[in-house]
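Numbering (full-length UniProt numbering), first residue to last: 1 to 92.
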């Protein structure tokens, strides 16, 4: 998040703290155009979970973008066999 001035932080405190908690990223508050305080989420474990979730979503987007066409499912092959084949194909 971009740094904000003290007056702006005071006027938009609820909005800014909500954004900090949603993103998990700290916010720097400036006084006389110099860093004065930092607002950050109180629960660091929550911030780490959000970061992992965002990495997972990015990985999912990458995988989905690589799919050329939807596979045709063979009902005689189990889900476990399909997953193992895909694991071997992707990771060797």
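All C-beta atoms in this analysis are idealised placements derived from N, C-alpha and C, irrespective of residue type, glycine included.
The structure displayed is predicted, hence computed values, not measured ones.
Contact between the region 25-39 and the region 57-71 is not established, with fewer than three Cβ pairs separated by less than 8 angstroms. DSSP, reduced to helix, strand and coil, places residue 25 outside both helices and strands of the structure shown, so it counts as coil.
Of all alpha-carbon atoms in 45, 6, 25 and 82, the one lying nearest the alpha-carbon of residue 35 is that of 6.
Between the alpha carbons of residue 37 and residue 50 lies a gap of roughly 23 angstroms.
Cα atoms of residue 91 and residue 83: separation of roughly 12 angstroms, rounded to the nearest angstrom. Secondary structure within the region 24-54: not one fully enclosed alpha helix (DSSP H) run of 4 or more consecutive residues is present.
Within the same chain, Cβ atoms closer than 6 angstroms to the Cβ of residue 24 are found at 41, 47 and 50, the five residues on either side in sequence being excluded. Collapsing the DSSP output to three states places residue 68 in coil.
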